[in-house]
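A.B. asks:
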Amino acid sequence: MTEIQEDFVQKRESIIIKGNVAAAYAAKSARVQVISAYPITPQTTVVEKLSEFVDNGLMPGTEYIKMESEHSVFAAVVGASKAGTRTFTATSGQGIFYAHEMIHWAAGARLPIVVAIASRGPAPPWNIWADFTDVISQRDTGWMSCFCSEHQEIYDEILMSYKVCEDHDILLPKFVSYGGFILSHTSKPVILEDQDLVDKFLPPLPNEEGWPHIWMDPKRPMMFGNLIMPSSFYYEFRLKIHDALIRAKEKIKNVAKEFEKNFGRDYGNGLIQERKMDDADIGVIIYGDLALQMEQAIDDLREEGYKVGMVKLRHFRPFPTEDIVEVAKKVKVLGVIDRATAFGCQTGGPVSCEVKSALHETKGTATVLPIINGLGGREVTLEQQKNQLKKLVKYFETGELPKDVIHGTLWDGLLEVE
Amino acid sequence: MVCWRLSKEMVKLKEALESCQEEYFLPGNSCCAGCGLEIALRWAIKALGPNTALVTPASCLNVVVGLWPKTAPNFPFTNMAFAAGAAAATGMSAAFKAKAYRFPGKEWNEITTITFAGDGGTADIGIQGLSGAAERNSDQIYVCYDNEAYMNTGIQRSSSTPHGAWTSTTTKGKDRFKKNLPAIMAAHDMPYVATCSISEPLDLYDKFKKAKSIKGCRYIHIMAPCCTGWGFNSEDTIEIARLAVKTGSWILYEVENGILTLSKASRPLLDPSKRTPLIDYLSKQKRFANISEKDLIELQEYLDHTWTRLEADLSCQEQYPK
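For the protein sequence lines, the chains are Y and W, in the order given.
Residue numbers for the first sequence follow our numbering, beginning at 1 and rising by one.
Residue numbers for the second sequence follow our numbering, beginning at 419 and rising by one.
#1: Excluding the 5 residues flanking W/L696 on each side, which residues of the same chain have their C-beta closer than 6 angstroms to its C-beta?
#2: Using a Cβ-Cβ distance under 9 angstroms, would W/Q574 count as near chain Y?
#3: Measuring CB atoms only, is the stretch 636-649 of chain W touching the stretch 605-618 of chain W, in the sense that at least three cross pairs come out at less than 8 angstroms?
#4: With burial defined as no fewer than 16 other Cβ atoms inside 10 Å of the residue's Cβ, what is the status of Y/M223: buried or exposed?
#5: Could you list the residues in the stretch 60-84 of chain Y with a C-beta less than 9 angstroms from some C-beta on chain W, going in chain order?
#6: Taking the continuous beta strand (DSSP E) assigned at W/A535, which residues delimit it?
#7: Just checking, does the stretch 462-477 of chain W make contact with the stretch 502-512 of chain W on the three C-beta pairs under 8 angstroms criterion?
#8: Tell me the DSSP bridge mates of Y/R317?
#9: What is the DSSP secondary structure of Y/I421, reduced to helix, strand or coil?
#10: For W/F443, name the three-state secondary structure that DSSP assigns.
#11: Chain W beta carbons: is any one of them nearer than 9 angstroms to that of Y/P203?
#12: Measuring CA to CA, which of Y/K329, Y/Q384, Y/Q273, Y/A342 is closest to Y/E361?
#13: Helix, strand or coil for Y/H431, going by three-state DSSP, please let me know.
#14: From the DSSP output, read off the bridge partner residues of W/A471.
#15: Taking only beta carbons into account, state which residues of the stretch 514-528 of chain W come closer than 7 angstroms to chain Y, listed in chain order.
#16: Within a Cβ cutoff of 6 angstroms, which residues of the same chain sit near W/S578, ignoring the five residues on either side of it in sequence?
#17: Ends of the alpha helix (DSSP H) at W/K702?
#18: Would the beta-carbon of Y/I241 fall within 9 angstroms of that of Y/R110?
#19: Measuring only the C-alpha atoms, how far is W/R660 from W/A476?
#20: What is the rounded straight-line gap between the Cα of W/L620 and the Cα of Y/T91?
#21: So who's on the other strand from W/C734, going by DSSP bridges?
#22: Determine, using beta carbons only, whether Y/I324 and Y/I372 come nearer to each other than 9 angstroms.
#23: Going along the stretch 24-41 of chain Y in order, which residues come within less than 8 angstroms of chain W, judged by CB to CB distance?
#24: If Y/N226 sits next to W/G484, beta carbons under 8 angstroms apart, how far is it from one beta carbon to the other, in whole angstroms?
#25: When Cβ atoms are compared, which residues of the stretch 218-230 of chain Y fall closer than 7 angstroms to chain W?
#26: Give me whichever residues DSSP pairs with Y/V114 in a beta bridge.
#27: Does the distance from the C-beta atom of Y/D134 to that of Y/G374 stay below 9 angstroms?
#28: Can you pull out the residues from the stretch 601-619 of chain W whose beta carbon lies closer than 9 angstroms to at least one beta carbon of chain Y?
#29: So Y/A297 packs on Y/L334, CB below 8 angstroms; how close in whole Å?
#30: What in chain W is Cβ-close to Y/E101, meaning under 7 angstroms?
#31: When you compare the CB positions of Y/P212 and Y/L159, do they come within less than 9 angstroms of one another, or not?
#32: Give me the DSSP bridge partner(s) of Y/M223.
#33: Please report the residue range of the alpha helix (DSSP H) in which Y/R247 lies.
#34: For W/W725, which residues does DSSP report across the bridge?
#35: By the DSSP assignment, the beta strand (DSSP E) with Y/W411 in it spans what residues?
#36: Within 8 angstroms, do at least three Cβ pairs link the stretch 187-199 of chain Y to the stretch 13-25 of chain Y?
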């Protein structure tokens with residue numbers, strides 16, 4: 001937690017809640033109009049809490065539909081968003097995979113849906129623990145996606161996300177993900193903002209007319225999604241999605257700034273958050289809940305005299321290429337730590353592969369060492385993270401790769417098999 | 419007596435035609451000549467009126483409405499993924515409710531949300547979403563236009579294809595019987611389930627009018643023959659649809675809050691002697707050209723059995739809760 005946040009926790013009223021409950025409160029604060037949901041571990045407490053809110057009349061006017069599958073959940077939010085309402089759902093792992101078709105649909109239709117993801121490892125074997133392969137596997141759908149590293153950030157990021165998604169220059173959906181169980185089921189103090197302040201930051205949808213490009217109204221009949229020939233505008237529509245994602249970087253930065261101004265909590269530039277990078281020789285790029293513990297590891301190693309720093313990657317899509325290029329210039333060795341897999345790519349880790357691609361052809365940048373850890377919820381201790389940093393220090397000092405590098409990537413924390 | 423009944427019918431037809439002069443599914447669409455779907459949709463929307471938002475999952479309807487950016491429906495129309503028709507309509511009708519709350523007095527909740535899907539999108543890939551919507555009593559009218567195969571992709575078998583019929587994936591005739599989807603939907607205890615045929619437009623019109631007046635999840639299954647897929651001349655679509663009814667192959671009825679009522683065209687057929695011989699219907703369609711004698715007998719037995727079961731259902735009607 002940054003100093004500013006500690007200050008706020010002391011001065012302002014907070015409640016101790018689970019990460020999932022923080023997501024539910026965010027949906028309530030955002031005054032979502034239609035929620036559709038289907039239970040899946042470890043997302044369940046999001047939908048349970050929302051049920052409680054709706055059943056007790058705490059979200060007046062909100063329609064809550066309990067669907068029969070994730071495919072239908074995403075179809076329902078697509079339908080509801082098309083009619084020009086603010087929509088919300090939450091899911092995890094297998095649920096995302098099942099809904100994949102509709103996830104493409106939501107982005108293709110340019111609908112500003114925000115979805116909370118309590119990330120879990122893909123089966124088989126069954127796994128329900130933290131692993132971001134689920135949300136990262138939706139990389140090419142046109143959705144924005146971001147990682148939260150703590151409870152307060154889940155609440156804050158969902159509010160910020162609606163503001164970004166609903167911007168008429170962007171109009172794209174977004175995943176707000178956080179590690180299953182590690183964040184979803186643990187409790188920490190979260191400041192829930194006054195509704196008036198939230199309404200000022202994120203006003204309820206101002207008019208009936210929905211989004212500028214689509215809304216369902218018999219008074220102004222529109223067709224949506226008709227078959228389009230290769231010679232027509234399909235190709236151009238695809239370009240526009242990419243263009244909007246790239247432009248969203250600026251929007252995300254502005255919204256993060258505005259959020260800090262309104263609520264006093266700092267999320268770096270919105271896309272990344274640096275810590276002790278300016279005079280560092282060794283840096284790591286890390287995301288999700290492990291980033292929070294890594295802050296401690298960095299501080300501890302600094303006390304031991306090592307010049308280490310870190311970058312918390314907040315957004316995976318749009319990928320902050322320019323920022324990554326800049327931070328890579330500051331250090332000599334850059335570890336990129338994934339809690340997800342991208343089988344068969346250069347590094348085996350989705351973010352490390354992305355970073356390598358971003359730095360390609362950029363002179364004077366750090367040497368990248370891809371690291372994978374914590375898959376399927378495998379515990380990554382503070383001690384282990386400090387060791388990762390020390391391995392990077394050794395690599396920097398001697399140029400020797402750690403012994404347990406496999407195909408160029410450090411798979412850290414594997415079980416020892418005889 | 420006959421004269422009087424005829425004139426009453428004529429008056430009703432005249433009224434219906436006068437009240438629905440407006441066209442909502444416009445000319446210039448790319449339906450095949452003699453398309454059953456086109457007639458079904460045209461009459462359905464005439465009955466529902468323009469204050470309707472339609473969702474259609476993958477089906478012929480996706481294509482026949484016209485290539486982007488041209489479109490034939492004169493009402494809000496959205497294409498949807500194959501399995502997602504009922505669910506998307508659920509979301510849409512929920513959104514109209516939410517809008518009605520947020521913007522009171524604007525009649526957002528007066529809009530009728532309908533899903534218009536083919537038999538594949540209903541009985542096969544879409545059945546989970548439909549069953550979910552029915553169980554939740556999601557406020558929508560789900561319409562299945564049944565042409566008894568995957569016509570849009572080239573006449574492949576669906577679970578709604580009848581026994582013995584040729585399709586491009588049942589080249590020796592289908593070995594299984596047609597899935598009885600209206601019965602499956604009625605088993606959901608929905609407020610309203612009805613079967614229609616494009617050969618009975620007044621009956622269809624009335625059923626849609628009635629469906630519109632009811633809240634909750636309503637299911638209407640329309641027999642909509644496909645000249646291309648079934649192999650008959652395009653001018654015979656109505657005649658084929660009528661034969662389906664007259665032979666008793668396609669039974670017109672309503673199930674309103676659990677109460678089953680046979681519709682006028684099918685009511686006399688409780689008496690087997692009033693049914694047109696099945697062969698009259700089958701022999702007009704090339705898809706049954708090579709049907710084996712065994713399959714023919716089985717089809718007849720299945721038809722008789724269906725009617726026996728229906729009769730049993732009607733006779734125990736008193737036991738149903740009112």
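The beta-carbon is built from N, C-alpha and C at its ideal position, and this holds for glycine as well.
Just so it is clear, the structure is predicted and the values come from calculations on it, not from any experiment.
C.D. replies: The relevant details are as follows:
#1: Within the second sequence, the letter at position 278 stands for residue 696 of chain W. Closer than 6 angstroms at Cβ, skipping near neighbours: T665, Q718.
#2: Residue 574 of chain W sits at position 156 when you count from the first residue of the second sequence. No - not a single Cβ of chain Y is within 9 angstroms of the one on W/Q574.
#3: yes
#4: As a working mapping, residue 223 of chain Y is identified with position 223 in the first sequence. Looking at its Cβ environment, which holds 16 or more other Cβ atoms inside 10 Å, Y/M223 is buried.
#5: P60, G61, T62, E63, Y64, I65, K66, M67, E68, S69, H71, S72, V73, F74, A75, A76, V77, V78, G79, A80, S81, K82, A83, G84
#6: Here the question's residue 535 of chain W lines up with position 117 in the second sequence. From DSSP, the beta strand (DSSP E) with W/A535 extends over 530-536.
#7: yes
#8: Stepping through the first sequence from its first residue, residue 317 of chain Y is reached at position 317. Note: Y/R317 sits in a beta bridge opposite Y/S145.
#9: No information on residue 421 of chain Y is available, as it lies outside the stretch 1 to 418 that chain Y covers here.
#10: For the purposes of this step, residue 443 of chain W is taken as residue 25 along the second sequence, with counting starting at 1. Reduced to three states, the DSSP call for W/F443 is strand.
#11: Here residue 203 of chain Y refers to the residue found at position 203 of the first sequence. No, because no Cβ of chain W sits closer than 9 angstroms to the Cβ of Y/P203.
#12: As a position in the first sequence, residue 361 of chain Y is number 361, starting the count at 1. Considering only alpha carbons, the answer is Y/K329.
#13: Nothing can be reported for residue 431 of chain Y, as the shown portion of chain Y is limited to 1 through 418.
#14: Numbered from 1 along the second sequence, position 53 holds the residue referred to as residue 471 of chain W. Looking at the DSSP assignment, W/A471 forms a beta bridge with W/T531.
#15: F514, K515, A516, K517, Y519, R520, F521, K524
#16: Within the second sequence, the letter at position 160 stands for residue 578 of chain W. Once the five neighbours on either side are set aside, the close Cβ partners of W/S578 are D537, A541, D564, E566, K596, K597.
#17: Within the second sequence, the letter at position 284 stands for residue 702 of chain W. Note, W/K702: premise wrong, no alpha helix (DSSP H); not H, not E.
#18: As a first step, residue 241 of chain Y must be located in the first sequence, where it is residue number 241. As a first step, residue 110 of chain Y must be located in the first sequence, where it is residue number 110. Going by C-beta atoms, Y/I241 is nearer than 9 angstroms to Y/R110.
#19: Numbered from 1 along the second sequence, position 242 holds the residue referred to as residue 660 of chain W. Numbered from 1 along the second sequence, position 58 holds the residue referred to as residue 476 of chain W. Cα to Cα, W/R660 sits roughly 27 angstroms from W/A476.
#20: Reading the second sequence from its first residue, position 202 is the one you call residue 620 of chain W. Reading the first sequence from its first residue, position 91 is the one you call residue 91 of chain Y. Distance between the alpha carbons of W/L620 and Y/T91 is about 46 angstroms.
#21: In the second sequence, residue 734 of chain W corresponds to position 316, counting from 1. In DSSP, W/C734 forms no bridge with anything.
#22: In the first sequence, residue 324 of chain Y corresponds to position 324, counting from 1. In the first sequence, residue 372 of chain Y corresponds to position 372, counting from 1. Cβ distance not < 9 angstroms, so Y/I324 and Y/I372 don't count as in contact.
#23: Q33, V34, S36
#24: In the first sequence, residue 226 of chain Y corresponds to position 226, counting from 1. In the second sequence, residue 484 of chain W corresponds to position 66, counting from 1. Between W/G484 and Y/N226 the Cβ distance is about 6 angstroms, and since that is below 8 angstroms, they are a contact.
#25: P218, P221, M222, M223, F224, G225, N226, L227, I228, M229
#26: The residue labelled residue 114 of chain Y in the question sits at position 114 within the first sequence. Answer by DSSP bridge pairing, in chain order: Y/F88, Y/K174.
#27: The residue labelled residue 134 of chain Y in the question sits at position 134 within the first sequence. The residue labelled residue 374 of chain Y in the question sits at position 374 within the first sequence. Result no, Cβ atoms of Y/D134 and Y/G374 do not sit closer than 9 angstroms.
#28: none
#29: Locating residue 297 of chain Y in the first sequence gives position 297, where the first residue counts as 1. Locating residue 334 of chain Y in the first sequence gives position 334, where the first residue counts as 1. Actually they are not in contact, since the Cβ atoms of Y/A297 and Y/L334 sit about 16 angstroms apart, beyond 8 angstroms.
#30: Taking the first residue of the first sequence as position 1, residue 101 of chain Y is located at position 101. Chain W residues near Y/E101: A499.
#31: In the first sequence, residue 212 of chain Y corresponds to position 212, counting from 1. In the first sequence, residue 159 of chain Y corresponds to position 159, counting from 1. Contact flag unset, no.
#32: For the purposes of this step, residue 223 of chain Y is taken as residue 223 along the first sequence, with counting starting at 1. According to DSSP, which records beta bridges pairwise, Y/M223 is partnered with W/F495.
#33: Position 247 of the first sequence, counted from the first residue, corresponds to residue 247 of chain Y. First-last of the alpha helix (DSSP H) with Y/R247: 234-263.
#34: Numbered from its first residue, the second sequence carries residue 725 of chain W at position 307. W/W725 is not bridged to any residue.
#35: In the first sequence, counting from the first residue as 1, residue 411 of chain Y sits at position 411. Element bounds for Y/W411: 409-411.
#36: yes
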